[in-house]
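Peer 1: Pasting in a structure now, in structure tokens, and then I'll have a few things to ask.
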Ligand code: FPP
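Written out as structure tokens, the structure reads:
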């Protein structure tokens, strides 16, 4: 008898990168130091995802609720997006990574909107790894924006209300081009979705790991994938 084939890796991994502040506090450093180390962890994770057979990686960089943080911290997070794209975009282009940014563009400084457009345009033909950065993103905000556009199309007579179903609605979300996440990881021991991919995570396997985000890398990702492989996915049906 041959052994059953190992379960495939998740096609799409989504990550809530949490714990930067605690990581910095443990070292007596400002929270922004933790965020800067978080960018290093993001670099390692993008590389590791490709090596581990993941095709889609989506990370939560800045939430619609993060505006409640002190202005200095918000500004540091925006600077880190600028820095990440300035430093890494050439390499991402070369490595065949397609970059997308999901979230609301409302309230973003014009240079950030331009940086995002440039990253998306320069990588549009790539498909080795699909890296999606959720920035100024909230799941409820995304659903509300989708509903607004759907209502506009309906009012304009472009869409028949009777044709609205889950697939039709999903096409109005920021993630219209992406498959649903198979595995959703949150670091730092917290066990919440915090408004991340509320629609898309309907059947994602959730894995909560204690490691703080700046310490995350290939080993932690591989472990989470191993845990995912041990899960039985039923999508509302039954295993038999
Ligand atoms: C949560 O840690 C993390 C964030 C709010 C930001 C995540 C951002 C990065 C990893 C930097 C890279 C981002 C981009 C867009 C390139 P926390 O501050 O809530 O940590 P705590 O829960 O320990 O306080």
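Residue numbers (the working numbering): 247 to 486. Ideal Cβ positions, reconstructed from N, Cα and C, are used throughout, including at glycine. Keep in mind it's a predicted model, so treat the numbers as computed, not measured.
1) Closer than 8 Å to a non-hydrogen atom of the ligand FPP - does that hold for the CB of residue 379?
2) According to the neighbour-count rule (16 or more other Cβ atoms, all chains shown, within 10 Å of its Cβ), is residue 267 buried or exposed?
3) Which residue marks the beginning of the beta strand (DSSP E) containing residue 346, and which one marks its end?
4) Buried or exposed: which applies to residue 455, given that a residue is buried once 16 or more other Cβ atoms fall within 10 Å of its Cβ?
5) Would you check if the segment 392–404 and the segment 364–373 touch, i.e. whether three or more CB-CB distances between them fall below 8 Å?
6) Any chance the segment 253–266 sits against the segment 418–431, with 3 or more Cβ pairs inside 8 Å?
7) Could you have a look at residue 253 and say whether DSSP puts it in helix, strand or coil?
8) Between which two residues does the alpha helix (DSSP H) carrying residue 281 extend?
9) Between which residues of its own chain and residue 365 is the CB-CB distance below 6 Å, once the five residues before and five after are set aside?
10) I need the DSSP call for residue 462, collapsed to helix, strand or coil.
11) At which residue ranges does the segment 406–430 contain complete alpha helix (DSSP H) runs of 4 or more residues, listed in the order of the chain?
12) Would you tell me roughly how many angstroms separate the C-alpha atoms of residue 446 and residue 281, rounded to the nearest one?
13) What is the DSSP secondary structure of residue 328, reduced to helix, strand or coil?
14) Which ranges would you report for the alpha helix (DSSP H) in the segment 365–407 if only whole runs of at least 4 residues count?
15) Helix, strand or coil for residue 472? Go by DSSP, reduced to three states.
16) Assuming residue 496 and residue 263 are in contact, meaning their beta carbons sit under 8 Å apart, how far apart are those beta carbons, in whole angstroms?
17) Look at the alpha carbon of residue 467 and the alpha carbon of residue 448, and state the distance between them as a whole number of angstroms.
18) I'd like the span of the alpha helix (DSSP H) that includes residue 450, first residue to last.
Peer 2: Short version:
1) yes
2) buried
3) 343–348
4) buried
5) no
6) yes
7) coil
8) 277–297
9) 331, 335 and 345
10) coil
11) 412–416
12) 26 Å
13) helix
14) 385–401
15) helix
16) Since the displayed the chain opens at 247 and closes at 486, residue 496 lies outside it and no answer follows.
17) 21 Å
18) Per DSSP, residue 450 belongs to no alpha helix (DSSP H) and is neither H nor E.
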